[in-house]
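Heads up: the sequence shown begins at 1398 in this note's numbering, then just goes up one per residue.
Even for Gly, the Cβ is constructed at its ideal location relative to N, Cα and C.
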Amino acid sequence: MSRRSLLWLIGVVLLSPCMAVSSAASPEDATPGTVRPSPTADAVLETATPASDELLPDEPAPPGAERQFSTDFSRHTVPYSDILSGGPPKDGIPAVEDPSFVGAGAADGWIEDLEPVVIVSLGGDVRAYPIQILMWHEIVNDVIGGVPVAVTFCPLCNTAIAFEGRIDGKDLDFGTTGRLRYSNLIMYDRQTETWWQQATGEGIAGQFAGRQLTFIPATMISWEDFKATYPEGKVLSRETGVSRPYDNNPYAGYDDIENSPFLYDGPETPGRLPPMARVLTLDLNGDTVAYPYSVLSELTVVNDRVGDQDIVVFWQPGVASALDRGSVADGRDEGTVVAFSRELDGELLSFRSDNDLIVDEQTGTVWNVLGQGSEGPLAGAQLEPIVGVNHFWFSWAAFKPDTRVYEPAGSMQIPADSEPAEADALSEDVASTSTEEAELPAVVVDQLEVDFEIRVYQGDVPLGGEQVLFSDVLAQGKPVVVEFWAGLCPVCRRGLPEVQEIYRELGEEATFVALDVGVFTGLGDEVAARAMIADLGLTFPAGTIADPSPMQTYRVTGIPTTLFFKPNGELYSRDGGLVGVAALREQVSTLIAASEL
């Protein structure tokens, strides 16, 4: 299908991402909707974040909005100039109300194995929402495990997100406004008519402007995986109360990587990825990361740390694109991506791909893409899901422009119980440090979690020898900045000159040492490391370690990673990836000041 035909189809027939196919009045002619009572839950949960005081000055409401909505448009957190009409009026795309469900056996007659479904599980109640239905309604108002839930999908952004429908003890149910911001669906709640941004869950206009809906983990997987894993699970029925051609896909060809977003009028998309690239996005404690599907499909497993939380991302093939062909089931295989916490029962796990299986390093248990242990010592265990949302890159970048894009060089598998052959070879070459010849320490190093030996490449004078214990480096009395890197790591090549600059400025007040861990990450050996040092003209101390135990202890799950130690061995702070000169300067200066207290 040509691009012109695609735009005509979406713009004329569908009118908006809400997919209205019925004739509807214009926004100006529509009449305000009535407020309906929402489903009730068994208990009141106070989970929404406090109100924000970052309201913008009053300005005229979006054209036609005051005729349709009773929203308090004097309260808003975004400029109304950012909001566009998608074509249909309020509720021109009907949300599914009072949804009915069928069993997996009944649904199997009209859902193909590779079709995507969104699964939500609360209180042991597991439900599947087929994308073939969601793309025509965008919102399903449901009650799961006694909790009011809005299951939402914006086809223009490829975002399937579930929210708890409750704020301040008030149960909410949602409809479509017919408006877009950055091509993304704007919802409204029928109780206060506050407008909500689907991509972020933020109230952007009305009584709850500045408030945040609570995300509920929602995973898009194949129908085949759902019915195999949850044979007793419930499936949203096609009996929605509205007639729609659920067998047909009105978005055929939309997600071509060469396309531009439809009806997008927002910030310029950062060029790190194509605008229509698929990414899994995480936002934890203010740390935002995007994991490109193109990278994940090559790695299968990524161990990472986001917002001080250890996470793992799994990719698995076998899920059709919902936006590719005339029938959802015929879409190309894009796979599925899911994120989980790596902590289980107080233990930290690391994962790897082994002959198309996902295996943890600690026990050898095999895990499925839903985070369930399937074979081995932890069979039957369940990893804790992390809220991650699939986006097109343009969509996420518009709302979170400072996002870190995951790069393969930061991915590593740290051996849990054994050392690589290269590490063994290194350890044979390292002579033990003579404690008899060592000088008495200047400070007491009593907060160090694990001591280790450094074989020095350069900087033996400031470090105290060609083979030194890290505790002896600390005992010199200065704070220590430790950089984990590797000779074939492209991100390290960009980041180490920043370390060099701060070393020139603050190297008299703090000790710097770069530890080459290429042999543990598959990113080079000593030869490659020394070549990078020479290439970049690095002068700060550098060396390697004989085994990965410091990486395990200090949870170094990606490179480059920087650890900041006080002289007593206390880990003061940490950072990962490209930090930037200004941020690194501030971190080292803060470390120096804290060490003087």
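Beta-carbon within less than 7 Å of threonine 1589's beta-carbon, same chain only, minus the 5 sequence neighbours each way: which residues are those? Gly1603, Gln1604 and Phe1605
Within the same chain, show all residues whose beta-carbon is closer than 8 Å to that of glutamate 1528, passing over the 5 residues directly before and after it, in chain order. In the sequence as presented, glutamate is not what sits at residue 1528; that position holds isoleucine. Cβ neighbours of isoleucine 1528 beyond the five flanking positions: Glu1512, Pro1513, Val1514, Val1515, Phe1550, Ala1557, Met1617, Ala1719 and Val1725.
Unbroken alpha helix (DSSP H) run spanning histidine 1534, endpoints: 1528 to 1534
Residue nearest to leucine 1866 in terms of C-alpha spacing, selected from Gly1940, Asp1522, Tyr1643 and Asn1787: Gly1940
Excluding five sequence neighbours on each side, which residues of the same chain lie with their C-beta closer than 7 Å to the C-beta of leucine 1481? In the same chain as leucine 1481, and ignoring 5 residues on each side of it, the C-beta atoms closer than 7 Å to its own belong to Arg1576, Leu1577, Leu1660 and Asp1662, in chain order.
Please give the ranges of any beta strand (DSSP E) in the region 1569 to 1649, keeping only runs that are unbroken, at least 3 residues long and fully inside the region. 1571 to 1578, 1581 to 1586, 1592 to 1594, 1599 to 1602, 1616 to 1619 and 1631 to 1633
Given aspartate 1684, which residues of its chain have a CB within under 7 Å of its CB, disregarding the five upstream and five downstream residues? Val1703 and Gly1704
Taking the alpha-carbon positions, what's the proline 1938 to alanine 1547 distance? Those two C-alpha atoms are separated by around 55 Å.
Inter-residue spacing [alpha-carbon to alpha-carbon] between glycine 1728 and asparagine 1645: 12 Å
I need the DSSP call for valine 1540, collapsed to helix, strand or coil. Here valine 1540 sits in strand by DSSP.
Cut-off 6 Å between Cβ atoms - residues of its own chain near tyrosine 1648, not counting five sequence neighbours on either side: Pro1552 and Leu1720
My output table needs one value for tyrosine 1854: the three-state DSSP class, helix, strand or coil. strand
Just to confirm, is the Cβ distance from proline 1957 to glycine 1892 under 8 Å? yes
Bridge partner(s) assigned by DSSP for glycine 1770: Trp1764
Could you check whether valine 1802 and threonine 1670 sit closer than 8 Å to each other, using their CB atoms as the reference points? Checking the displayed sequence, the identity of residue 1670 turns out to be leucine instead of threonine. Their beta carbons are under 8 Å apart, which means leucine 1670 touches valine 1802 by this criterion.
Would you check if the region 1448 to 1463 and the region 1539 to 1546 touch, i.e. whether three or more CB-CB distances between them fall below 8 Å? no
Whose CA, out of Asp1753, Glu1744, Val1766 and Asn1752, lies closest to the CA of leucine 1760? Looking at the sequence itself, residue 1760 is threonine, so the reference to leucine does not match. Considering only alpha carbons, the answer is Glu1744.
Is the region 1607 to 1624 touching the region 1705 to 1719, taking contact as three or more C-beta pairs under 8 Å? A contact exists between the region 1607 to 1624 and the region 1705 to 1719.
When you measure from the CB of glycine 1715 to every non-hydrogen atom of the ligand GDP, does any distance come out below 7 Å? Ligands are entirely absent from the displayed structure, and the ligand GDP is therefore not among its contents.
Indicate whether serine 1992 and proline 1876 have their beta-carbon atoms separated by less than 8 Å. yes
Along the chain, where does the alpha helix (DSSP H) containing glycine 1502 start, and where does it finish? 1501 to 1504
Are there 16 or more other CB atoms within 10 angstroms of the CB of serine 1792, so buried, or fewer, so exposed? When all chains shown are included, serine 1792 counts as buried.
Quick check: the Cα distance between aspartate 2020 and tyrosine 1951, rounded to an integer number of angstroms? Residue 2020 is absent from the model: the chain starts at 1398 and stops at 1994.
Use the C-beta contact count for asparagine 1752: other C-beta atoms within 10 angstroms, 16 or more gives buried, fewer gives exposed. exposed
Between which two residues does the beta strand (DSSP E) holding tyrosine 1688 run? 1684 to 1689
If you draw a straight line from the alpha carbon of valine 1841 to that of glutamate 1898, how long is it in whole angstroms? CA-CA distance, valine 1841 to glutamate 1898, rounds to 30 Å.
Of the residues Phe1711, Gly1723 and Leu1754, which one's Cα is nearest the Cα of arginine 1739? The shortest C-alpha separation from arginine 1739 is found at Phe1711.
Whole-angstrom distance between phenylalanine 1470 and tyrosine 2026, CA atom to CA atom: For the chain, the structure presents residues 1398 to 1994; residue 2026 sits outside this window and is missing.
For alanine 1504 and threonine 1591, what's the separation of their Cα atoms in angstroms? 35 Å
Cβ of tyrosine 1585 within 8 Å of Cβ of phenylalanine 1466? Closer than 8 Å, so yes.
Isoleucine 1851 and leucine 1912 closer than 8 Å at C-beta: yes
DSSP on glutamine 1984, reduced to helix/strand/coil? helix
Our contact map puts isoleucine 1613 next to phenylalanine 1560 with C-beta atoms below 8 Å; I'd like the distance itself, whole angstroms only. Their Cβ separation, rounded to whole angstroms, is 6 Å, which keeps isoleucine 1613 and phenylalanine 1560 in contact under 8 Å.
What distance in whole Å lies between the Cβ atoms of proline 1894 and leucine 1845, which are believed to be in contact at a cut-off of 8 Å? Incorrect: roughly 29 Å between the Cβ atoms, too far for contact.
So glycine 1884 and methionine 1929 are supposed to be a Cβ contact under 8 Å. How far apart are they, rounded? 5 Å
Bounding residues of the beta strand (DSSP E) (the contiguous stretch that carries glutamate 1561): 1556 to 1561
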